[in-house]
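J.: Quick note on my numbering: the sequence shown kicks off at 8 and runs consecutively.
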Amino acid sequence: MKQNGFGPVLIVIVVALLAALIWMMFTCQEIPSAVTAQPTQSSAGTSSAPAETQKSEPVSSDAPATAAAPTVTQTVPDTSAAETASVTIIDVTVPATTVAPTETAAPSAAAPSRTSYFVLSSAPATSVPATTVPPATSAPATSAPATVPATSSAPPASSAGTPMSFEASLGYNEKSASLYAEYAKSHPGLDSQTVVKEVNIGLYRPFYTDPEPVDDPSSLLVLVNKYHYLPSDYEPTDLVDLKYRHPDRTSKGRVTLRSEAAAAFDKLCEAAADEGYTILGFSGYRSYSYQQSIYSSYCKSDPQSVVDTYSARAGYSEHQTGLAIDVCTDEYAYNKFGKSPEYQWAKENIHKFGFIIHYTESNKDLTGYKNEEWHFRYVGVEAATFMYEHCLVIDEYIALYADSV
Ligand SMILES: [Zn+2]
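(1) Which residue spans inside the region 197-265 form an unbroken beta strand (DSSP E) run of at least 3?
(2) Report buried or exposed for residue 219, applying the criterion of at least 16 other Cβ atoms within 10 angstroms of its Cβ.
(3) Does any heavy atom of ligand 1 sit closer than 7 Å to the C-beta of residue 333?
(4) Measure the C-alpha to C-alpha separation of residue 392 and residue 205 and round it to an integer number of angstroms.
(5) Report whether the distance from the Cβ of residue 382 to the nearest heavy atom of ligand 1 is below 7 Å.
(6) The alpha helix (DSSP H) that contains residue 395, what's its start and end?
(7) Kindly indicate which three-state DSSP category residue 402 falls into: helix, strand or coil?
(8) For the region 298-310 against the region 358-371, do three or more pairs of beta-carbon atoms, one drawn from each stretch, fall closer than 8 Å, so that the two count as touching?
(9) Inspect the beta-carbon positions of residue 381 and residue 333 and report whether they are closer than 8 Å.
(10) Using the DSSP secondary-structure output, state which residues sit across from residue 293 in a beta bridge.
(11) Could you give the distance in angstroms between the alpha-carbon of residue 350 and the alpha-carbon of residue 322?
(12) Since residue 379 sits in a beta bridge, which residues does DSSP pair it with?
(13) Given residue 268, which residues of its chain have a CB within under 6 Å of its CB, disregarding the five upstream and five downstream residues?
(14) Kindly indicate which three-state DSSP category residue 345 falls into: helix, strand or coil?
(15) Got a sec: does ligand 1 put a non-hydrogen atom nearer than 7 Å to the Cβ of residue 253?
(16) Label residue 347 either buried or exposed according to how many other C-beta atoms from any shown protein chain fall within 10 Å of its C-beta, with 16 as the threshold for buried.
(17) Since residue 372 is in the alpha helix (DSSP H), which residue starts that stretch and which ends it?
(18) Residue 279: which of 193, 358 and 404 sits nearest, CA to CA?
(19) Ligand 1 and residue 326: does the residue's C-beta get closer than 7 Å to at least one heavy atom of that ligand?
(20) Assess contact between the region 275-293 and the region 245-265, defined as three or more Cβ pairs (one per stretch) separated by less than 8 Å. Is contact present?
(21) With H, G and I counted as helix, E and B as strand and the rest as coil, what does DSSP make of residue 409?
(22) Could you compute how far the alpha carbon of residue 398 sits from the alpha carbon of residue 260?
(23) Kindly indicate which three-state DSSP category residue 331 falls into: helix, strand or coil?
(24) Among 396, 374 and 395, which one has its Cα closest to the Cα of residue 234?
(25) What residues match up with residue 384 in a beta bridge as DSSP calls it?
(26) Out of curiosity, what's the CA-to-CA distance linking residue 353 and residue 266?
(27) With respect to 7 Å, is the separation between the Cβ of residue 349 and the closest non-hydrogen atom of ligand 1 below this value?
This is the structure:
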């Protein structure tokens, strides 16, 4: 009976103890879970607002996420750390990827990169690919600028495996050293002297690109070509009529040259006549506006690219100097002059009177004009004789001897 009375009490106690134990277990789990919940919530809280930030920088999410994780456990700074990290990443990645299409975003960032590319590309050709490669290969940014000058000093000696010493070439200009190297690379097979000459002429760029006004329009050695132009208002002050000119032109108007050139041309015609040849002036000085009307009338029937091969744009015509004359004979029109016996005489004699034949079949790539056997240019006896003896035209002469001219 006693045992029977004690039994229920025991059961009650055991049940009470069990209940207490279960309660304690729940309570104890809630406390640590509250501690761990802090960071979870903070990261969740962060993700609520910056979630967009993180999504907006999908690429960069990996690195900052991992880096932020350990810090996050702490407290508030985590959030700012994560944000800072993500912001930094955006700064680095976005401009690189986004700037190109946007173009509105970073005018300051886009400009320098273009400038530096331009500088590099106008530097020796060899340094361009060389420069582009190193930064990619060698990670540290510091090594990039260090490599550039080192590489750019190399090209002159290594354009195509053959050492080229531009310095020893006539007309070498230190300022154009990088252009020589670049031109040599894009024109394999040219010797260094030709490279220097052609670069000096300006052939490394298309005709009419970055043209320059002539220094002295009234110089007898003025160079007017597709890189050098005359002022639109330039008109020689000493134009005189030619004594020997085609009869048709006499009725249509004057055929003039500057006085010195006109006198020399008259002598030339007389010397030719003494040997039985008839050379006549057909078209001498032309004003800017007249050249403009000629050129634009050609453009009505031919594409400009074609017209450019046989007619000069206004300001770019040697005729505006008053030192150029198109000739004919009494039997051959000016554009047939190349077929005349007079042309054969002219080739070997006009230099004695200070003239050269400027546009020939062999130099058309250099001048940009088709052959014009009828176009004589006055440069003076000394220069003309030199050019004749060295098979040069004025563009080459200036390119090679600019210092002594
Ligand atoms: Zn002409």
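Just so you know, even glycine gets a beta-carbon here, dropped at the ideal spot from N, CA and C.
T.: Quick answer:
(1) 246-248 and 263-265
(2) exposed
(3) yes
(4) 22 Å
(5) yes
(6) 388-396
(7) helix
(8) no
(9) yes
(10) Paired residues: none, contrary to the question.
(11) 28 Å
(12) 366
(13) 330 and 385
(14) helix
(15) no
(16) buried
(17) 371-374
(18) 358
(19) yes
(20) yes
(21) coil
(22) 35 Å
(23) strand
(24) 374
(25) 331 and 363
(26) 21 Å
(27) no
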